[in-house]
Amino acid sequence: MTPIRVLIQAHDPIKAVGVAAMLRSTGQIEIVTKREQESADVLLVIDEHARIARLAQVRQWRESGVTGSMSRCVLVTDRFDKEDLLFAVQCGVMSILPGKNCTGGRLALAVIGTVRGHSLLPRGLQLELVRQIDILRRDVLEPNSLTLSRLDLRELNIIRLLADGFSSAEIASKLSWSEGQVKKVLTEAMRRLGLATRPHAVAYALRSGALA
């Protein structure tokens, strides 16, 4: 099994050494140096107070190639402002762990889970993230006919009807459009999202959560 390569950034060098030793002991994680940072799979940031400037630095590291462009961040901190949660996600943070009593096992679980696309957040931050996403959907996206799935409301309405088994002609009738309009909107959405067929478009909408 290829080890997960982790770059550690911490204000306290002694703490960084201790965390590195804990992660190495799992046998699944390799700690990389600054000279090897471009090969990092995960950026592990350890900071007593994760301010917005620190989050912006994480984003800058990823965008400038300091770490691999596909790398994700695990943040270990005792103080995190919940108002910064969406910004943290935009910066590549996938897991946030309280620094106090954070065990090596839990830290390794977060690192390994991050590579697999999983996230660890305290329950309070989970609820806050849901709240902020709902506000974004209600106040920003929907007034502009947009959705979180990258499908606009017109496209989503068509795909919803496709999923219910309706033909293009039947969808046009239900939406009071021409059949040509239906086909044009659907074709443009499929091209933009790289979807090959109509069943593929339905599957995309289901996977993204746009269709319940």
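Start counting the sequence shown at -8; every next residue gets the next number (my numbering).
Glycine included, every Cβ here is placed at the ideal spot set by N, Cα and C.
Query, Result
"Per DSSP, E21 forms a beta bridge with which residues?", "R(-4)"
"What ranges does the alpha helix (DSSP H) occupy inside the segment 109 to 174, keeping only unbroken runs of at least 4 residues that lie completely in it?", "114 to 127, 144 to 154 and 159 to 166"
"With three or more beta-carbon pairs closer than 8 Å as the criterion, would you say the segment 137 to 149 touches the segment 95 to 112?", "no"
"Just to confirm before moving on: does the CB-CB distance between V106 and S86 stay below 8 Å?", "no"
"Whole angstroms is fine: what's the gap from L197's alpha carbon to M181's?", "14 Å"
"Quick one: using the 10 Å Cβ neighbour count with 16 as the cut-off for buried, is A187 buried or exposed?", "exposed"
"Report the residue from D3, A7, T17 and R97 whose alpha carbon sits nearest the alpha carbon of T(-7).", "T17"
"Determine the extent of the beta strand (DSSP E) in which D50 is found, giving its start and end residues.", "Note on identity: in this sequence residue 50 is Arg, with Asp being the wrong assignment. Where R50 is concerned, there is no enclosing beta strand (DSSP E), although the alpha helix (DSSP H) it sits in stretches over I43 to E54."
"Roughly how many angstroms separate the alpha carbons of A12 and L98, rounded to a whole number?", "12 Å"
"Does the structure place the segment 166 to 173 close enough to the segment 107 to 123 that three or more beta carbon pairs sit under 8 Å?", "no"
"Report the option in R15, E161 and R63 whose CA atom is closest to the CA atom of R50.", "R63"
"Does the beta-carbon distance from A41 to F78 come in below 8 Å?", "no"
"Less than 8 Å separating the beta-carbons of R15 and I5?", "no"
"Would you call I20 buried or exposed, if buried means 16 or more other Cβ atoms sit within 10 Å of its Cβ?", "buried"
"At the 8 Å Cβ level, is E29 part of the contact set with chain B, yes or no?", "Of the protein chains in the structure, only one exists, and it is not chain B."
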